[in-house]
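Structure record follows, encoded as structure tokens.
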Amino acid sequence: MQKVFSRPSSLKETPMHFCPGCHHGLVHRLIAEALDYLKVREKTIGVAGVGCGVFLYDYLEIDVCEAPHGRAPAVATGIKRVHPHSVVFSYQGDGDLAAIGTAEIVHAANRGEKITVIFVNNGVYGMTGGQMAPTTLEGQYTTTTPTGRHYAREGYPIRMAELLSTLQGVSFAARVSCHSAAHVRKARKVVRQAFQMQRQGPGLTFVEFLSCCPTNWKLTPQEAVRKLEKDYIPYFPLAVFKGPRDSA
2 MQKVFSRPSS
12 LKETPMHFCP
22 GCHHGLVHRL
32 IAEALDYLKV
42 REKTIGVAGV
52 GCGVFLYDYL
62 EIDVCEAPHG
72 RAPAVATGIK
82 RVHPHSVVFS
92 YQGDGDLAAI
102 GTAEIVHAAN
112 RGEKITVIFV
122 NNGVYGMTGG
132 QMAPTTLEGQ
142 YTTTTPTGRH
152 YAREGYPIRM
162 AELLSTLQGV
172 SFAARVSCHS
182 AAHVRKARKV
192 VRQAFQMQRQ
202 GPGLTFVEFL
212 SCCPTNWKLT
222 PQEAVRKLEK
232 DYIPYFPLAV
242 FKGPRDSA
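Read in order, the letters of the sequence shown are residues 2 to 249 in the numbering used here.
Encoded structure:
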């Protein structure tokens, strides 16, 4: 019988620590599949930001460097410049990339650094207890917005993929999701494209994943998926904003 589905060789055979219904594990798998598909595992270096994805080295069979909070694009820049023939990517959450790391991602993107950035957007600070993040939706309850986020107090949610797509140094910017089989298939193509374009060298490539956080949203995994579809996708549309449109 032909084997049609198996664990990617770039993904370690170890239980993951993520909460039930969290999508970090799926994103890890899609990265591993892309590295296998492009046959670049041995030359890939990951940079983990601070947050739920900080233990990247526990799950991917690659070299991983940890960065101070928000500084993953700067660390990835240094690694790529020293090892220009390596495949280098950062793995960051919304608090890490869009709050304390805003300057690092914007300027790395504007310089056109030849790295790939994987951005997991679940609308809250997941690891530290569910505080408001720059991507928290208006009206959303968090530990620091107990009455709901309001634009007059906390501003509007930031659309990072659209923002970065306006910069000349960015060659690819997309937003995907993995909350259904169909969306996983689309996301797989986008992640592969991002890494492939890094190898071709035109500039920074950026993939944003919308992800559920049932624990901090205080929902079941099934309810969290419905919230993502009902509230998150309308505000954060899934699309390729810059780069080859056939990726999605």
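All residues carry an ideal CB built from backbone N, CA and C; glycine is no exception. The model shown is predicted, which means the values in this text are computed figures rather than measured ones.
Could you tell me which of V76, V118, I234 sits nearest to T137, measuring between CA atoms?
I234
Rounded to the nearest angstrom, how far is the Cβ of C179 from that of L27, given a contact under 8 Å?
4 Å
Can the beta-carbon of G266 be found closer than 8 Å to that of G71?
An answer regarding residue 266 cannot be provided, because it is not within the stretch 2 to 249 covered by the chain.
Going by DSSP, what residues sit across from V171 in a beta bridge?
L205
Let me make sure I understand the geometry here. Which of G170, V107, D59, G94 has the alpha-carbon closest to that of A75?
V107
Going by C-alpha to C-alpha distance, which of E209, G140, L165 sits closest to A153?
G140
Taking the alpha-carbon positions, what's the Q3 to V65 distance?
34 Å
Between which two residues does the alpha helix (DSSP H) carrying Y152 extend?
152 to 155
Proximity winner among H24, P9, R8, relative to C214 (alpha-carbon distances)
H24
Inspect the beta-carbon positions of G202 and K81 and report whether they are closer than 8 Å.
no
Exposure label - Q169; buried when at least 16 CB within 10 Å
exposed
If you draw a straight line from the alpha carbon of L57 to that of I63, how long is it in whole angstroms?
9 Å
Whose CA, out of M198, S87, G50, V5, lies closest to the CA of L98?
G50
So, H68 versus V89, is the Cβ gap smaller than 8 Å?
It should be noted that the sequence gives Ala, not His, for residue 68. No.
For N217, which residues in the same chain have their Cβ closer than 7 Å to its Cβ, ignoring the five residues on either side in sequence?
V125, G127, G131
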